[in-house]
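Below is one structure, written out as structure tokens, with a few remarks after it.
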Amino acid sequence: MKQYLELMQHVLEHGTPKDDRTGTGTLSVFRYQMRFNLSEGFPLLTTKKLHTKSIIYELLWFLRGETNIKYLKERGVNIWNEWADERGDLGPVYGAQWRAWRAGDGQTVDQISRVIEQIKSDPDSRRLIVNAWNVGELQRCGLRPVICSFNSMSQTDISLASFIKGRLIFFWACRSTSHPTRC
Numbered sequence: 002m003k004q005y006l007e008l009m010q011h012v013l014e015h016g017t018p019k020d021d022r023t024g025t026g027t028l029s030v031f032r033y034q035m036r037f038n039l040s041e042g043f044p045l046l047t048t049k050k051l052h053t054k055s056i057i058y059e060l061l062w063f064l065r066g067e068t069n070i071k072y073l074k075e076r077g078v079n080i081w082n083e084w085a086d087e088r089g090d091l092g093p094v095y096g097a098q099w100r101a102w103r104a105g106d107g108q109t110v111d112q113i114s115r116v117i118e119q120i121k122s123d124p125d126s127r128r129l130i131v132n133a134w135n136v137g138e139l140q141r142c143g144l145r146p147v148i149c150s151f152n153s154m155s156q157t158d159i160s161l162a163s164f165i166k167g168r169l170i171f172f173w174a175c176r177s178t179s180h181p182t183r184c
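So in the working numbering, the last spot in the sequence shown is 184, and the numbers never skip.
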């Protein structure tokens, strides 16, 4: 994956050392973007071994709107365990924000369904955005979002996705259970 290798080189050459919550430290670059045309294939890393099953189950867990790790643990995926409470709950993390965003008026918004409907009704929209950074709920998250938002674009019969983060936590984000929303 050429883009990934170019990113690695960019981080090594231009990254700024930062402390992190784990104490290992990171090299950080701001707003580096990679773009993938999904009609050309799925952007899975080929430069390192990946646990594809975990990638798929984690993404399905997000899309199901779940916030309890039971579903993941039943499938042998343990990457969220350390942030869950004694009942296995993580608070309003990705699944909750994507599928049941709590709005200021107390209503919930299913952002995934909304974007799918927008793609069907207005494929030229530039507002096909899903956001996970719900400031009013951050304190309740077992782990705050790293992937803050993503947006999609529909061109004819091709859907493109751009996954955006405020900063790239490079080596952690591209760990063995990483999926395209993480790299």
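Using N, Cα and C, we set each Cβ at its ideal position, and we do this for glycine too.
Between the CA atoms of residue j and residue i - distance to the nearest angstrom
i, j, result
"Glu75", "Thr17", "39 Å"
"Trp81", "Lys121", "34 Å"
"Asp86", "Gly143", "8 Å"
"Gln98", "Gly92", "10 Å"
"Arg22", "Glu118", "38 Å"
"Phe43", "Ser150", "19 Å"
"Asn132", "Arg145", "13 Å"
"Glu67", "Gly89", "11 Å"
"Glu83", "Asp125", "41 Å"
"Gln10", "Tyr33", "12 Å"
Residue i - containing beta strand (DSSP E), residue span
i, result
"Ser122", "Premise fails: Ser122 lies in the alpha helix (DSSP H), Gln112 to Ser122, not in any beta strand (DSSP E)."
"Leu28", "Thr27 to Phe31"
"Asn132", "Ile130 to Asn132"
Where residue i falls, given that 16 or more other Cβ within 10 Å makes a residue buried
i, result
"Thr57", "For the record, residue 57 in the displayed sequence is Ile; it is not Thr. Answer is exposed; the Cβ neighbour count stays below 16."
"Glu59", "buried"
"Ser153", "buried"
"Val136", "exposed"
"Thr53", "exposed"
Delimiting residues of the alpha helix (DSSP H) encompassing residue i
i, result
"Thr53", "Thr53 to Arg65"
"Lys3", "Lys3 to His15"
"Ala97", "Tyr95 to Ala101"
Residues of its chain near residue i, where Cβ-Cβ distance is below 8 Å and the 5 sequence neighbours each way are ignored
i, result
"Leu64", "Gly96, Trp99, Arg100 and Ile113"
Supposed close pair residue i, residue j - CB separation, criterion 8 Å
i, j, result
"Leu51", "Met2", "11 Å between Cβ atoms; not a contact."
Neighbourhood of residue i by C-beta distance below 7 Å, restricted to the same chain and skipping five residues each side
i, result
"Trp102", "Thr109, Val110, Gln112 and Asn135"
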